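To start, the structure under review is shown below, and the notes come after it.
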Amino acid sequence: MLSSKKKNNKKIKKINGTNRGNFKKYFLNSVYAFAAIILISAAGYFGYKAYNYLFFKKKVFILKKISVTGKGITYREKIKIIKQSRLSKNENLIDVNLKRVSRLIASDRWIQDVTVYKKYPDKIVIVLKKRKTFAMIAYKNNLYYISRNGYVIGRADYVGGYNYPVITGLNKDNADGYFSKLRKALYFLKIAKSSVLSNLISEVHIEKDNGIALYTVSGLYIKFGTDMYRNKLKTLKKLFYEINRLHIKYKPYINLEYKDEAVIKVNRGSRVLPANYKNTAVSPDVFK
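Laid out in structure tokens, this is it:
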């Protein structure tokens with residue numbers, strides 16, 4: 179009986195000693211964790227204070243240079259873009275909101291793409307891509323520049339120039355009809371760029387039957403009808419060749435509405451010419 183009591187007392191003492199050891203270990207870990215939290219918080223607080231002091235109060239990164247680059251950007255346009263960006267020198271570079279600057283610049287209808295980035299320690303770089311004028315449209319006695327895709331860029335003026343073909347005959351009262359005719363005119367101008375009419379078109383007119391007619395810079399009036407424009411441009415090239423070869427004198431009118439044929443007004447009436455001029459011998463006497 180005595181031996182069993184002694185054994186139990188030893189177990190109780192051992193358990194009590196273990197509990198005290200665990201408590202001491204837990205207490206020390208808690209102190210270390212609390213101390214670590216205090217140190218991290220202090221480091222964060224003083225780090226923020228130092229950051230705020232150095233970069234904002236002391237203004238380590240001050241905006242000193244604004245660079246505007248892009249193909250075809252003039253000095254005048256660069257000044258305009260800088261004003262539009264609302265950037266000013268000596269402001270803190272860190273505070274500059276690049277998204278806001280990009281939105282302000284992109285509000286200009288001449289700008290197709292814009293990229294803005296910071297170049298530390300003191301520079302903002304603005305990279306631009308301008309929209310290119312492809313043609314002009316007439317609206318309420320004014321001319322407006324449009325892009326290759328029909329985007330209205332702005333009102334035409336002497337600075338931008340007027341050396342672009344004008345698209346007329348668009349139905350402005352009918353949105354569907356307007357865009358349909360505009361797409362057709364733009365399509366014709368695109369394929370005409372690589373034809374015998376390259377840089378010779380003064381006006382493209384969409385007629386009531388949706389056909390295309392145009393004036394060249396020399397005043398020549400040409401009717402193309404409603405379709406098959408690529409073939410008709412090839413026919414026109416052959417016709418010009420024959421006119422020059424045979425020295426035909428004709429009035430400034432050509433009709434290409436008919437399939438594979440060209441009608442011109444010569445001195446003694448109109449004459450229908452076959453499309454395959456190069457494969458056909460046409461006598462000069464035909465036109466006398």
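The numbering used here numbers the first residue of the sequence shown as 179 and each following residue consecutively.
Glycine included, each C-beta is placed from N, C-alpha and C at the ideal position.
Given the structure is predicted, the values throughout are model-derived calculations rather than measurements.
Quick check: the Cα distance between residue i and residue j, rounded to an integer number of angstroms?
| i | j | result |
| --- | --- | --- |
| Val305 | Lys412 | 41 Å |
| Ala363 | His383 | 8 Å |
| Lys437 | Arg264 | 59 Å |
| Thr252 | Lys258 | 10 Å |
| Ile331 | Arg423 | 43 Å |
| Trp288 | Ile218 | 52 Å |
| Arg333 | Lys318 | 12 Å |
| Met314 | Tyr431 | 24 Å |
| Leu180 | Ile216 | Here the model assigns Leu180 a pLDDT of 45, short of 50, so the residue's position is not dependable and the matter cannot be decided. |
| Lys466 | Asp405 | With a pLDDT of 40 at Lys466, under the threshold of 50, the modelled position of this residue cannot be trusted, and the question is left open. |
| Glu255 | Lys249 | 12 Å |
| Ser373 | Asn270 | 55 Å |
| Asp291 | Val441 | 46 Å |
| Gly397 | Ser380 | 8 Å |
| Val246 | Thr293 | 10 Å |
| Gly328 | Thr346 | 13 Å |
| Ala284 | Asp335 | 21 Å |
| Ile244 | Ile272 | 14 Å |
| Leu282 | Asp387 | 43 Å |
| Ile324 | Glu435 | 28 Å |
| Ile240 | Ser266 | 10 Å |
| Gly389 | Val337 | 33 Å |
| Gly403 | Tyr322 | 26 Å |
| Phe357 | Ala316 | 14 Å |
| Tyr399 | Lys371 | 18 Å |
| Ala391 | Gln262 | 41 Å |
| Ser448 | Glu385 | Any reading at Ser448 must be qualified, since the residue scores a pLDDT of 49, below 50, and its modelled position is unreliable; the value itself is stated next. Rounded to the nearest angstrom, the two C-alpha atoms are 22 Å apart. |
| Lys415 | Ile421 | 10 Å |
| Gly169 | Glu439 | There is simply no residue 169 to check, as the chain begins at 179 and stops at 466 in what is shown. |
| Ile260 | Tyr365 | 36 Å |
| Leu417 | Tyr393 | 17 Å |
| Asp286 | Asn268 | 25 Å |
| Val464 | His425 | Because Val464 sits at a pLDDT of 48, beneath the cut-off of 50, its placement in the model cannot be relied upon, and the following sentence gives the value as read from the coordinates. Roughly 12 Å between the two C-alpha positions. |
| Asn320 | Val238 | 51 Å |
Check whether the Cβ atoms of residue i and residue j sit closer than 8 Å, and answer yes or no.
| i | j | result |
| --- | --- | --- |
| Arg408 | Ile369 | yes |
| Gly360 | Leu348 | Sequence check: residue 360 is Leu here, not Gly. For Leu360 and Leu348, yes; Cβs fall inside 8 Å. |
| Lys443 | Lys427 | no |
| Lys410 | Asn433 | no |
| Lys296 | Val274 | yes |
| Val395 | Leu375 | no |
Taking the DSSP output, what are the residues bridged to residue i?
| i | result |
| --- | --- |
| Lys410 | Paired residue(s): none; Lys410 is not in a bridge. |
| Asp291 | Lys307 |
| Leu321 | Ala316 |
| Val344 | Met314 and Glu381 |
| Thr394 | Ile379 |
| Ile369 | According to DSSP, which records beta bridges pairwise, Ile369 is partnered with nothing at all. |
| Gly355 | Partner(s): none; Gly355 has no beta bridge. |
| Gly332 | Tyr323 |
| Lys301 | Lys243 and Lys297 |
| Tyr431 | Tyr399 |
**Study point:** Uninterrupted alpha helix (DSSP H) stretches inside the segment 230-283 (no shorter than 4 residues)
**Key:** 253-263
Review point. Is there contact here, the segment 309-321 with the segment 268-286, by at least three beta-carbon pairs under 8 Å?
Key: no
Check your understanding: Is there contact here, the segment 295-303 with the segment 340-349, by at least three beta-carbon pairs under 8 Å?
Key -> no
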